[in-house]
Amino acid sequence: MHKVSLTALARHQLAHALESGSGRSAKTVFGGHENVMRQTMIALRAGVSMSEHENPGEATVWVIQGRVSLICGEDNWEGSGGDLIIVPNARHSLEALEDSVVILAVAKH
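Going letter by letter, the sequence shown gives residues 278 to 386 in the numbering used here.
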């Protein structure tokens with residue numbers, strides 16, 4: 278059994294993102310390249326985005342804190358702390374509207 282404090286990890290990742298020149302920080306919480314499912318905590322400074330990219334499989338974005346916008350073509354979904362956004366199976370981007378921490382969960386096909 279392995280236990281992770283998401284609260285402590287979110288605090289650490291956000292501090293790292295705020296200090297980083299890129300304005301972002303990420304850490305795999307569970308899984309990896311050898312697993313079907315992967316959960317990654319991503320912290321983004323306000324105004325920083327993950328540029329448009331393909332969806333590698335079934336995916337969700339769980340907003341831990343802050344406010345983000347997931348953009349897919351003309352569609353836009355905003356989420357704040359506690360929201361779960363289902364990622365469409367299409368090219369999309371993610372932008373932090375405030376200093377934010379999310380967990381990206383992906384199940385690769």
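For every residue, glycine included, the Cβ atom is placed at its ideal position computed from N, Cα and C. Remember, it's a predicted structure, so these values are computed and weren't measured experimentally.
Can you name the start and end residues of the alpha helix (DSSP H) that ARG288 belongs to?
Note, ARG288: alpha helix (DSSP H), 283–296.
Measure how close the beta-carbons of ALA382 and THR337 come, nearest whole angstrom, since I'm counting them as under 8 Å.
Going by Cβ atoms, the distance from ALA382 to THR337 rounds to 5 Å, so yes, they are a contact pair.
Where ALA323 and ASN312 are concerned, what is the direct C-alpha to C-alpha distance, given to the nearest angstrom?
ALA323 and ASN312: Cα-Cα distance of roughly 31 Å.
Start-to-end residues for the beta strand (DSSP E) that takes in VAL338
DSSP places VAL338 inside the beta strand (DSSP E), whose first and last residues are 334–342.
Please classify MET327: does DSSP put it in a helix, a strand, or coil?
MET327 carries a strand assignment under DSSP once its states are collapsed to helix, strand and coil.
What does a CB cutoff of less than 7 Å around GLU375 pick up in its chain, not counting 5 residues either side in sequence?
Counting only Cβ-Cβ distances below 7 Å, and skipping sequence neighbours, we find ALA323, GLY343 and ARG344.
Whose C-alpha, out of GLY350, ALA292 and ILE341, is nearest the C-alpha of ILE362?
The candidate whose alpha carbon is nearest that of ILE362 is ILE341.
Out of SER357, PHE307, ALA285 and TRP339, which one is the CA nearest neighbour of MET278?
Closest by alpha carbon: PHE307.
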